[in-house]
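Heads up: the structure comes next, in structure tokens.
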Amino acid sequence: MHTPNHTTVGIIGGGPAGLLLARLLHRSGVECVVLESRDRDYVEQRQRAGILEQSTVDVLRSSGAGERLDREALVHDGIELRWDRRSHRIDFPSLTGGRRVWVYAQTEVCKDLIALQLEDGAPLLFEAHVRAVEGADTDRPVVHYTHEGQDRTLTCDYVVGCDGFHGVTRDAVPERVRRTYERVYPYSWFGVLADVPPSSDELVYAHSPRGFALLSMRSPTVSRLYLQVPNGTDPAGWTDERIWDELDARFAVDGGWTLKRGPITSKGVLPMRSFVSEPMSHGRVFLAGDAAHIVPPTGAKGLNLAAADVIVLARAFAELKEAGSTAGLEAYSATCLRRVWRAEHFSSFMTGTLHTDPAQGPFETRLQISQLDRIAASPHAAAELAENYAGLPIG
Ligand code: RFL
Ligand code: PHB
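Position 149 of the sequence shown, counting from 1, maps to 143 under my numbering, and the rest follow consecutively.
In structure tokens:
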């Protein structure tokens, strides 16, 4: 592939944020190049998010990436909460004026966006590792990267860092203006994929004396399950039988319910973090998605926040092209941070309400139970959860 040495928008990272941004810019006629350090297979197979909000689905559809999603995604109108051997269903449409969520894995979103981009989109280079972004304060920021064993540069009018939490673009925002906010949780999620139909039609979030558990799914025949485990847990110490026994114990509910067991095809442990880096732009460099913020996965917000960022940014670039106005770009950081902090609060609330902190005593556990009882008893409390989970409209 011809590798350009100048572009309007240089996009670092070909995860969901970078790929969706490239799609939206391409649709508005704004030139861009995507540099992704991994190979295509890796990006398409990386197991991560599973839940899409209405506004994420809307943008995928309007950008032409909704065809397979509309055929294969599972539409969910609610989630189930379990605690104290009881359960309560949160109904999204009735509590939110008709909003719902879609179960469609991040792997599938990436596959759809990559296929479209390679068919008719802007250049997308795999195995192009960005080493540094320089000149955020100038009108020609430069991206230094390595591709096919050669050191190259890409000069840009603007650079967008969609390179995730471990990316390099955040370093282009000078220390003197950067503020970071962070919380690392004293537990991790042990996630497994299993070749067995999901044991429930909807996701089940369970609080239990043994710790949190989540039942999710990838398709009518594949289940995705998570267990709270101590940080540093080695998956090798967990046989399939031990995993199923532990899940069984944590999902236990009065009135009978059976967890279907099947062969486990993948296991992985992920640490949990809340993180925000402000501002989300400096000069001509912008940050989007996990490059700027991380949420713990209990609220299913990470991928949706990444999509919301790039929707705002793509609009701002379209406004620049059509009207010559930089107002949208200047407002980008403040606009996104309002939604980011709402999602940080909600994700932290869901995490704190459903997990067992190793340092927590019986008093804190009673507070969690009281909070869950309140959600079951009050449509107002339930609506607060439902609105946040199903996603607020993008302003
Ligand atoms: P990504 O997906 O990390 O992509 C960043 C890309 O940048 C590349 N990169 C570089 N490329 C070039 N040069 C460099 N120097 C580079 N450094 C990095 C990387 O290879 C990668 O391809 O960030 P992005 O696009 O911002 O997307 C964010 C989402 O991936 C993330 O927020 C979600 O997966 C979070 N999340 C969930 N979000 C939801 O909305 N709903 C969920 O149900 C949900 N479940 C989850 C999750 C995250 C999880 N993990 C593993 C953290 C479940 C899990 C288990
Ligand atoms: C998932 O299916 O991977 C998933 C679903 C909901 C969450 C987190 C992860 O809150």
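Glycine included, C-beta positions come from ideal geometry on N, C-alpha and C.
Below 9 Å between beta carbons: does that hold for V75 and Y152?
Checking the sequence, you will find Leu at residue 75 rather than Val. Contact: no.
Residue range of the alpha helix (DSSP H) that includes C150
Segment 144 to 155 is the beta strand (DSSP E) holding C150; no alpha helix (DSSP H) there.
Strictly by DSSP, which residues pair up with C26?
DSSP lists V3 as the beta-bridge partner residues of C26.
Identity of the residues DSSP links to I84 by a beta bridge
I84 has I73 as its beta-bridge partners, per DSSP.
For I73, verify whether its CB is less than 8 Å away from any heavy atom of the ligand RFL.
no
Using C-beta distances below 6 Å, list every residue in its chain close to L68, excluding the 5 sequence neighbours before and after it, in chain order.
V97
Answer with buried or exposed for P291, where buried requires no fewer than 16 other C-beta atoms within 10 angstroms of its C-beta.
By the beta-carbon neighbour count (other beta carbons within 10 angstroms, threshold 16), P291 is buried.
Within its chain, find whatever has a CB closer than 6 Å to the CB of V136; leave out the 5 residues flanking it on each side and keep chain order.
E128, G129, T147, T149
Just checking Y139 against the ligand RFL - is the residue's beta carbon closer than 8 Å to any of the ligand's heavy atoms?
yes
M266: first and last residue of the uninterrupted beta strand (DSSP E) it sits in:
258 to 272
Could you check the C-alpha separation between G8 and E113 for me, to the nearest Å?
16 Å
Is C330 a contact residue of the ligand RFL, with contact defined as CB to any heavy atom under 8 Å?
Between the ligand RFL and the CB of C330, the shortest heavy atom gap is not smaller than 8 Å.
With a CB to CB cut of under 8 Å and the five nearest residues on each side skipped, what residues in its chain are close to R94?
Same-chain partners within the cutoff: Q48, V69, H70, D71, F86, P87, A384.
Would A328 and C156 qualify as a contact pair, given that the criterion is a beta-carbon distance under 9 Å?
no
Are there 16 or more other CB atoms within 10 angstroms of the CB of A321, so buried, or fewer, so exposed?
exposed
Per-residue DSSP class, three states only, for A302:
helix
Given R125, which residues of its chain have a CB within under 6 Å of its CB, disregarding the five upstream and five downstream residues?
H138
May I ask which residues mark the beginning and end of the alpha helix (DSSP H) holding W232?
First-last for W232: undefined, no H or E at that position.
Report the CB separation of Q111 from A16 in whole angstroms; it is logged as a contact under 8 Å.
Contact holds; Cβ gap of about 6 Å.
Are there 16 or more other CB atoms within 10 angstroms of the CB of G361, so buried, or fewer, so exposed?
Correcting the residue identity first, residue 361 is Leu in this sequence and not Gly. With fewer than 16 other Cβ atoms within 10 Å, it is exposed.
Beta-carbon separation of W183 and V223 under 9 Å?
yes
Excluding sequence positions up to five away, which residues of its chain have a Cβ less than 8 Å from the Cβ of V171?
P273, H276
Is any heavy atom in the ligand PHB found nearer than 8 Å to the beta carbon of G262?
no
Within 8 Å, do at least three Cβ pairs link the segment 13 to 33 to the segment 248 to 257?
no
Could you tell me whether any non-hydrogen atom of the ligand RFL is closer than 8 Å to the CB of S194?
no
Is it true that the CB of E25 sits closer than 9 Å to the CB of T1?
yes
Nearest to N225 (by Cα), restricted to the options I258, Y179, P214, V270:
Y179
Supposed close pair T174, V270 - CB separation, criterion 8 Å
7 Å
V97 CB to nearest heavy atom of the ligand PHB below 8 Å:
yes
Cα-Cα separation between V51 and G60, rounded to whole angstroms:
Taking the straight line from one Cα to the other gives about 7 Å.
Whose C-alpha, out of R83, D64, G158, is nearest the C-alpha of E5?
For the record, residue 5 in the displayed sequence is Ile; it is not Glu. Between I5 and the set R83, D64, G158, the nearest pair of CA atoms involves G158.
Does the Cβ of D26 lie closer than 8 Å to at least one heavy atom of the ligand RFL?
Correcting the residue identity first, residue 26 is Cys in this sequence and not Asp. No.
Label Y326 either buried or exposed according to how many other C-beta atoms from any shown protein chain fall within 10 Å of its C-beta, with 16 as the threshold for buried.
Per the 10 Å Cβ criterion, buried.
Comparing alpha-carbon positions, which option in A188, F206, S210 lies nearest E196?
S210
Residues bridged to F184 (per DSSP)
L221, V263
According to DSSP, is L419 helix, strand or coil?
Residue 419 lies beyond the residue range present for the chain, which begins at -5 and ends at 389; the question has no answer from this structure.
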